[in-house]
Amino acid sequence: MSTEQISDDAPLRTRRDDKSGDLAFVGRSVTINRPRAELFAYWRDFQNLPMFMENVEKMEFTGSDRAVWTIKAPVGTKVEIETEITEVVEDSSISWRSTEGSQIKTEGRVSFTDAPGDRGTIVSADIGYTPPAGDLGRAVAKLFMAEPNIQARHELKRFKMLMETGEITTPINHR
Amino acid sequence: MRALTWHGNGDVRVDTVPDPEIINPRDAVIRVTSTAICGSDLHLYDGVIPGMKQGDILGHQFMGVVEDVGAKSTLKVGQRVVVPFTISCGRCFFCEQQQFSACDNGNPVENQDASEKLYGHAMGGAFGYSHLTGGYPGGQAEYVRVPYSDVGPIVVPDGLDDEQVLFLSDILPTGWMAAENADITPGDTVAVWGCGPVGLFCVQSAVLMGAAQVIAIDHHPHRLELAARFGAKTINFDETHVGEALMEMTGGIGPDAVIDAVGMEAHGWAPDNVLDVVKQKIGMGADRGHALRQALLAVRKGGRVSIPGVYGGMLDKWPLGAMMEKGLELRSGQTHVQRYTQDLLRRIEEGEIDTTFLISHRLSLEEAPTGYKNFRDKQNEWTKVVLRPN
Numbered sequence: 001m002s003t004e005q006i007s008d009d010a011p012l013r014t015r016r017d018d019k020s021g022d023l024a025f026v027g028r029s030v031t032i033n034r035p036r037a038e039l040f041a042y043w044r045d046f047q048n049l050p051m052f053m054e055n056v057e058k059m060e061f062t063g064s065d066r067a068v069w070t071i072k073a074p075v076g077t078k079v080e081i082e083t084e085i086t087e088v089v090e091d092s093s094i095s096w097r098s099t100e101g102s103q104i105k106t107e108g109r110v111s112f113t114d115a116p117g118d119r120g121t122i123v124s125a126d127i128g129y130t131p132p133a134g135d136l137g138r139a140v141a142k143l144f145m146a147e148p149n150i151q152a153r154h155e156l157k158r159f160k161m162l163m164e165t166g167e168i169t170t171p172i173n174h175r
Numbered sequence: 176m177r178a179l180t181w182h183g184n185g186d187v188r189v190d191t192v193p194d195p196e197i198i199n200p201r202d203a204v205i206r207v208t209s210t211a212i213c214g215s216d217l218h219l220y221d222g223v224i225p226g227m228k229q230g231d232i233l234g235h236q237f238m239g240v241v242e243d244v245g246a247k248s249t250l251k252v253g254q255r256v257v258v259p260f261t262i263s264c265g266r267c268f269f270c271e272q273q274q275f276s277a278c279d280n281g282n283p284v285e286n287q288d289a290s291e292k293l294y295g296h297a298m299g300g301a302f303g304y305s306h307l308t309g310g311y312p313g314g315q316a317e318y319v320r321v322p323y324s325d326v327g328p329i330v331v332p333d334g335l336d337d338e339q340v341l342f343l344s345d346i347l348p349t350g351w352m353a354a355e356n357a358d359i360t361p362g363d364t365v366a367v368w369g370c371g372p373v374g375l376f377c378v379q380s381a382v383l384m385g386a387a388q389v390i391a392i393d394h395h396p397h398r399l400e401l402a403a404r405f406g407a408k409t410i411n412f413d414e415t416h417v418g419e420a421l422m423e424m425t426g427g428i429g430p431d432a433v434i435d436a437v438g439m440e441a442h443g444w445a446p447d448n449v450l451d452v453v454k455q456k457i458g459m460g461a462d463r464g465h466a467l468r469q470a471l472l473a474v475r476k477g478g479r480v481s482i483p484g485v486y487g488g489m490l491d492k493w494p495l496g497a498m499m500e501k502g503l504e505l506r507s508g509q510t511h512v513q514r515y516t517q518d519l520l521r522r523i524e525e526g527e528i529d530t531t532f533l534i535s536h537r538l539s540l541e542e543a544p545t546g547y548k549n550f551r552d553k554q555n556e557w558t559k560v561v562l563r564p565n
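Those sequence lines, one after another, are chains A and U. To convert, note that position 69 of the first sequence is 69 in our numbering; the numbers rise steadily by one, no gaps. Position in the second sequence counted from 1, then plus 175, gives you our numbering.
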């Protein structure tokens with residue numbers, strides 16, 4: 001995660017220049033009307049993540065805190081990322097980064113903080129990634145709705161739906 | 176099953192489509208007994224609301240009998256229910272504040288992107304409307320799947336006909352909330368633009384809330400007659416200068432509160448409206464706001480402006496100066512239906528509110544396309560169309 005000096009309090013992911021080193025940072029916050037410990041526990045059990053991460057095709061543990069993720073990428077392609085957990089702060093945050101030799105370099109953190117006004121928990125994701133084939137690849141990915149920023153937004157909203165309502169809403173009328 | 180589907184401007188058809196199934200635990204499937212065509216369905220019919228797809232099943236005012244339930248539904252098979260048009264989870268911050276139409280979870284994630292861009296925040300979900308509000312199949316059909324069936328639908332007591340309670344799904348709470356938003360105190364004069372179903376319920380609600388004088392504005396004589404039945408005075412804008420009349424009918428003060436129950440397809444030949452029509456047709460502007468502009472100029476200093484009329488995009492020539500200099504208060508929004516249904520059901524049961532007066536035509540589902548055409552083109556006579564799918 002970046003430690004560069006910035007001149008305001010806004011998260012890195014909202015800066016006009018969202019790059020830190022060779023990583024671009026994206027992310028999103030959602031406020032979820034549930035207790036912090038409950039949300040943390042659900043997320044910490046990584047087997048739960050594909051429940052709301054629709055782009056995760058498959059997740060396999062390769063160690064106690066290492067896993068290989070198969071992620072859908074633009075135009076029907078797939079990306080495999082091996083990640084390791086770098087830090088867990090109980091009921092508060094989980095950080096990860098891609099391992100050496102992973103197909104894509106990425107790092108990220110999801111954090112859980114109490115929302116003011118008794119509104120539940122603010123869940124924020126910060127994800128740093130190397131855009132596929134640089135800025136052009138990023139534009140193409142955006143076009144096909146598979147840019148990490150859009151994925152992160154959708155996944156956090158699905159997480160919120162699942163935690164608040166017990167289900168993920170859909171207009172589809174048939175299985 | 177058979178269902179009324181959208182195919183383009185002025186093109187709706189009754190098609191055979193697959194029956195809905197239970198998808199999520201809180202779902203129920205309803206066999207529709209009555210469903211109405213709404214004025215806001217005409218915005219879809221006229222192609223002025225973005226985000227429609229061919230084959231979309233329309234309809235957001237419906238009721239029926241519970242046919243099937245998911246594991247977490249609190250409804251029972253065989254119960255008669257009215258279903259609010261707003262799809263609200265009942266668990267998020269907004270639902271807890273009773274701001275049901277702002278529900279965070281009722282609009283599927285993928286469909287939230289467009290309105291997040293257009294309005295700054297994602298809209299809630301609704302039945303049978305644009306994909307901006309979820310793209311959910313609607314109730315002008317034999318069957319409909321109802322998400323969050325433990326929160327929205329209200330069970331109808333025996334002894335009440337469909338026609339007495341059907342409008343709890345939308346237009347009665349919409350008219351009521353609009354009157355509530357006008358913050359009426361006894362002795363007030365309230366002016367209502369538009370005597371469609373919502374405007375007529377605004378008139379009825381304003382009278383019940385203690386307005387001393389309600390003035391209804393339209394150009395269809397029969398619709399003005401309906402407003403007069405509830406004690407409203409009337410202004411026909413084809414014959415009368417509305418602004419002048421309102422000043423003279425309020426002793427030079429102006430109405431204390433104004434309600435725009437017209438929305439984005441204002442009619443008439445006022446210069447601003449003609450320009451809006453052209454802009455809407457060529458895609459330069461989304462909304463036609465003549466009624467609202469007139470209301471903002473007519474309302475008294477320090478008055479209240481309530482907007483139940485539907486707007487979808489950008490509007491220019493907004494009299495912002497009048498708002499600021501006269502110190503107006505403005506409230507609007509999609510109706511928080513679930514907030515009002517129990518109270519309004521009681522008022523219907525006690526005979527305080529009549530909902531059946533505005534129904535002019537009862538058709539089968541197969542006749543729905545005719546209903547759309549006439550509801551749009553013969554507004555004087557076709558005041559409200561109810562379809563009977565089963």
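The beta-carbon is built from N, C-alpha and C at its ideal position, and this holds for glycine as well.
Less than 6 angstroms between C-beta atoms, sequence neighbours within five positions excluded: which residues of the same chain meet that for residue i?
i                : result
Ser290 (chain U) : Ala297, Met298 and Leu307
Met1 (chain A)   : A caution first: Met1 (chain A) carries a pLDDT of 48, below 50, which makes its placement in the model too unreliable to give a value.
Ile224 (chain U) : His218, Ser305 and Gly487
Lys157 (chain A) : none
Ile85 (chain A)  : Asp65 and Trp96
Label residue i either buried or exposed according to how many other C-beta atoms from any shown protein chain fall within 10 Å of its C-beta, with 16 as the threshold for buried.
i                : result
Tyr515 (chain U) : buried
Asp413 (chain U) : exposed
Pro148 (chain A) : buried
Ala387 (chain U) : exposed
Asn173 (chain A) : buried
Phe52 (chain A)  : buried
Ser7 (chain A)   : exposed
Asn184 (chain U) : exposed
Could you work out which residue in the options is closest to residue i when comparing CA atoms only?
i                : options                                   : result
Val82 (chain A)  : A:Thr130, A:Ser92, A:Lys72 and A:Gln103   : Looking at the sequence provided, one finds Glu at residue 82 (chain A) rather than Val. Minimum Cα distance to Glu82 (chain A) is reached at A:Gln103.
Pro564 (chain U) : U:Tyr220, U:Asp202 and U:Met238           : U:Met238
Gly101 (chain A) : A:Asp118, A:Gly27 and A:Glu80             : A:Glu80
Arg44 (chain A)  : A:Val89, A:Thr169, A:Lys157 and A:Lys58   : A:Val89
Thr121 (chain A) : A:Asp8, A:Asp65, A:Ser111 and A:Thr165    : A:Ser111
Arg175 (chain A) : U:Gly334, U:Pro193, U:Gly295 and U:Ala354 : U:Pro193
Ser92 (chain A)  : A:Ile71, A:Glu38, A:Val56 and A:Lys78     : A:Glu38
Thr208 (chain U) : U:Ser539, U:Gln379 and U:Pro544           : U:Ser539
Cys377 (chain U) : U:Ser535, U:Val284, U:Asp358 and U:Lys247 : U:Asp358
Asp491 (chain U) : U:Lys548, U:Asp336 and U:Gln455           : U:Gln455
Gln236 (chain U) : U:Gly303, U:Val284 and U:Cys267           : U:Gly303
Pro483 (chain U) : U:Thr530, U:Val437, U:Leu503 and U:Ala466 : U:Val437
Lys548 (chain U) : U:Asp221, U:Arg479, U:Gln315 and U:Glu527 : U:Asp221
Leu471 (chain U) : U:Glu271, U:Glu556 and U:Asp435           : U:Asp435
Determine whether the beta carbon atoms of residue i and residue j lie at a separation below 8 angstroms.
i                : j                : result
Gly310 (chain U) : Asp431 (chain U) : no
Gly487 (chain U) : Asp462 (chain U) : yes
Val204 (chain U) : Val257 (chain U) : no
Cys264 (chain U) : Ile346 (chain U) : no
Val241 (chain U) : Leu233 (chain U) : no
Gly245 (chain U) : Ile197 (chain U) : yes
Phe268 (chain U) : Asn33 (chain A)  : yes
Asn199 (chain U) : Glu167 (chain A) : yes
Gly27 (chain A)  : Ser98 (chain A)  : no
Trp368 (chain U) : Ile392 (chain U) : yes
Gly362 (chain U) : Val433 (chain U) : no
Leu335 (chain U) : Glu524 (chain U) : yes
Arg206 (chain U) : Asp325 (chain U) : no
Gly281 (chain U) : Thr169 (chain A) : yes
In the DSSP output, what is residue i paired with across the bridge?
i                : result
Thr364 (chain U) : U:Gln388
Asn411 (chain U) : U:Asp393
Arg177 (chain U) : U:Thr191
Arg13 (chain A)  : According to DSSP, Arg13 (chain A) bridges with nothing at all.
Gly429 (chain U) : Bridge partners of Gly429 (chain U): none, in fact.
Glu80 (chain A)  : A:Thr70
His536 (chain U) : U:Val560
Trp96 (chain A)  : A:Ile85 and A:Gly108
Phe342 (chain U) : Beta-bridge pairing links Phe342 (chain U) to no other residue.
Grab me the residues of residue i's own chain with a C-beta within less than 8 angstroms of its C-beta, minus the 5 sequence neighbours each way, in chain order.
i                : result
Leu421 (chain U) : Ala366, Ile390, Ile410, Gly429, Pro430 and Ala473
Pro544 (chain U) : Leu179, Val187, Arg188 and Val189
Glu164 (chain A) : Ile32, Asn33 and Arg34
Lys501 (chain U) : Val474, Arg475, Lys476, Gly477 and Gly478
Give every residue of the same chain whose Cβ lies closer than 7 angstroms to the Cβ of residue i, excluding the five residues on either side of it in the sequence, and list them in chain order.
i                : result
Asp114 (chain A) : Arg36 and Thr121
Pro259 (chain U) : Gly327, Ser344, Val512, Gln513 and Thr516
Arg506 (chain U) : Asn356 and Ser481
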